[in-house]
Each structure stands twice: as structure tokens, then as C-alpha cells.
Amino acid sequence: MHWSDVVVESLREHEVWHATYVPDAINWQVLSKLEADSAFTVIPASREEEAVGIAAGIYAAGGRAAMFMQSSGFGNTINALAQLLTGYRIPVPLFIGMRGGLSEFNEVQVPSARPIPAILDTLHIQHYAPEREDEVQKYVDGAIELAYASRMPVAILWYAQLVGAKRATS
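Just so we're aligned, residue 147 is where the sequence shown starts under the working numbering, counting upward by one.
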């Protein structure tokens, strides 16, 4: 099963029926499948911190939401992650498409992606990065379960080793 199908099934099994996002080519592999499935409500946001707020609001209303973003927009979420999600112990599975790694063609993606694991550590947000398709279910199921058991956000980082690199076209 493709890694993106595993994510969709894991969200379904854990009754995470809402997804909020800022457009991203990596996560679109999941989001396009969620949009095509009437069981899910997929909510676009104009900025990453808006998506965090939407996910928090869904939780406050008794629902569950996952948030999807690209690494280049992660910096926009730091205050919302620190003050809202961790401050109020709001569980949101975070799916971050990591640019700036192996085979990256756009050098401006590198500086914003490199510090993300350290920033997550500083915020006490656990994070995991499956590297092979056979690891995806274990990590995604575990991250979602941990988020709701601990009432804290938990992040899954998608690196090129798993999802493929975004390459320049000639």
C-alpha cells in the first residue's frame, strides 16, 4: 500500500475526520485522497498558524483534526504551537513535508527545514520520520495514539527518502 493510503486509513481508524492544511506538494498525496472521500472534511488555510487555530477549534468542539504543512511554512506556526497547542495541551497530529534535504533543487528550502527537529524538541513536541513505506503505519498510528493519549501535538516528518524528491525540471 502506498504511504499516502496508509495515512488516510490511519486517520479513518482513529476517527480523525478533519484535516486542515496550507497547500504542499508532498502532503497533497494524502490530502487529495481525503478530499475525494466524503467521510473527511478538508479545510484549506491561508497561513500555517491559521491551520493550527482551525485544528484547535475542531478539538474544542469535540472533534479531531490533523494539520498538514510544508517545512518552509513551519516557522509561521511556532507561536501557535507553543502558546495554543502545547500551552493548552491540544492533541493535533502534524504532518510536515520536509523540503531542503536529499536531492533538493531549491537551495532556499534548506535553511528553513534544517532546524525543525530541534525546534520541535525545544517545544517538547515529539516527532518521527518514517524512511520506508513499511514503517509508515507503525509511525502514523503511534503518533496519532500518542497525541490523544498525551493531549499534545505529535509530528510526522516526511523526508525525500520516503516521499521522493522535488526535482527541478529542465
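Each residue gets a CB set at the ideal place from its N, CA and C atoms; glycine is no exception.
Note that the structure is a prediction, hence the values are computed from the model and not measured.
- prompt: Helix, strand or coil: how does DSSP classify Phe186 here?
  reply: Secondary structure at Phe186: coil, using DSSP grouped into helix, strand and coil.
message: Using CA atoms only, rank isn't needed, just tell me which of Ala211, Ala206 and Arg158 is closest to Tyr234.
response: Ala206
field: When Leu266, Ile236 and Gln175 are compared against Phe220, the one with the closest alpha-carbon
entry: Leu266
- prompt: Buried or exposed: which applies to Ala264, given that a residue is buried once 16 or more other Cβ atoms fall within 10 Å of its Cβ?
  reply: exposed
query: Alpha carbon to alpha carbon, how far is Val198 from Leu230?
result: 8 Å
query: Do His273 and Leu303 come within 8 Å of each other at the CB atom, strictly closer than that value?
result: Yes, these two residues count as a Cβ contact at 8 Å.
message: In the DSSP output, which residue or residues are listed as bridge partners for Gly243?
response: Residue pairing by DSSP puts Gly243 in a beta bridge opposite Gln216 and Trp304.
field: Pro276 classed as buried or exposed, judged by whether at least 16 other C-beta atoms fall within 10 angstroms
entry: buried
message: Is the separation between the beta-carbon of Ala211 and that of His160 shorter than 8 Å?
response: no
- request: Out of Arg260, Ile242 and Asp280, point me to the one whose CA is closest to Val176's CA.
  value: Nearest to Val176 by C-alpha distance, out of Arg260, Ile242 and Asp280, is Ile242.
- prompt: Measuring CB to CB, does Val154 end up less than 8 Å from Lys179?
  reply: yes
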